[in-house]
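Visitor: Residue numbers for the sequence shown follow my numbering, so the first one is 34 and each next one is one higher. Positions of the beta carbon are idealized from the N, C-alpha and C atoms, including for glycine.
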Amino acid sequence: MANTETSLKEALASIEGATGAALVDYTSGMALGTIGGSNSFDLNVAAAGNTDVIRAKLRTMEHLGIKDEIEDILITLGSQYHLIRLLKRQNGLFLYLVLDSGRANLAMARHQLRKIEAELEI
């Protein structure tokens, strides 16, 4: 089992094209840990903003009567992919991964993030 810091480091090192990662509490919008990012890309701001994405999707599912779980959410931009993976064993938390779309393989990123989630101990 890996702790938050180790898991985030593994995400950045093992996922091709990863430029930033965070573990986020979507009930508060606070990042519990971050790695990567840049002066022009604040992971804490992105983490807080993506909590709104999750809350909106959960509300929509409730209104539609969908009794299922969100596995992950993908947001594609011109030069980036943003992958949000809700943790199954830790309700209220998600892993957030920022990828350079020119270097990333989404299928492999999803596979690796699922593996990191399984090994994460909070």
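1. For a quick check, are the C-beta atoms of Tyr59 and Arg88 less than 8 Å apart?
2. According to DSSP, is Gln145 helix, strand or coil?
3. For the structure I just gave you, are there three or more beta carbon pairs, one from the region 34-50 and one from the region 95-108, closer than 8 Å?
4. With distances taken Cα to Cα, identify the nearest neighbour of Leu132 among Ile108, Glu95, Ser73.
5. If you follow the alpha helix (DSSP H) that Asp85 is part of, which residue opens it and which one closes it?
6. For a test of the three-state rule: what should DSSP assign to Leu120, helix, strand or coil?
7. Quick check on DSSP: helix, strand or coil for Leu110?
8. According to DSSP, is Ser73 helix, strand or coil?
9. Should Ile68 be labelled buried (16 or more other beta-carbon atoms within 10 Å of its own) or exposed?
10. Using 8 Å for Cβ pairs, my map puts Ile155 next to Gln113. What's the rounded Cβ distance?
11. Assuming the contact rule is C-beta atoms closer than 8 Å, Ile48 and Val86 should be a hit. Round their C-beta distance to whole Å, please.
12. Does the contact criterion of 3 or more C-beta pairs under 8 Å hold for the region 144-151 versus the region 71-80?
Guide: Put simply:
1. With respect to the 8 Å criterion, Tyr59 and Arg88 are classified as neighbours on the basis of their beta carbons.
2. helix
3. no
4. Ile108
5. 76-97
6. coil
7. coil
8. coil
9. Classification of Ile68: buried, given that the 10 Å Cβ count is 16 or more.
10. Not confirmed; about 27 Å, so no contact.
11. Incorrect: roughly 20 Å between the Cβ atoms, too far for contact.
12. no
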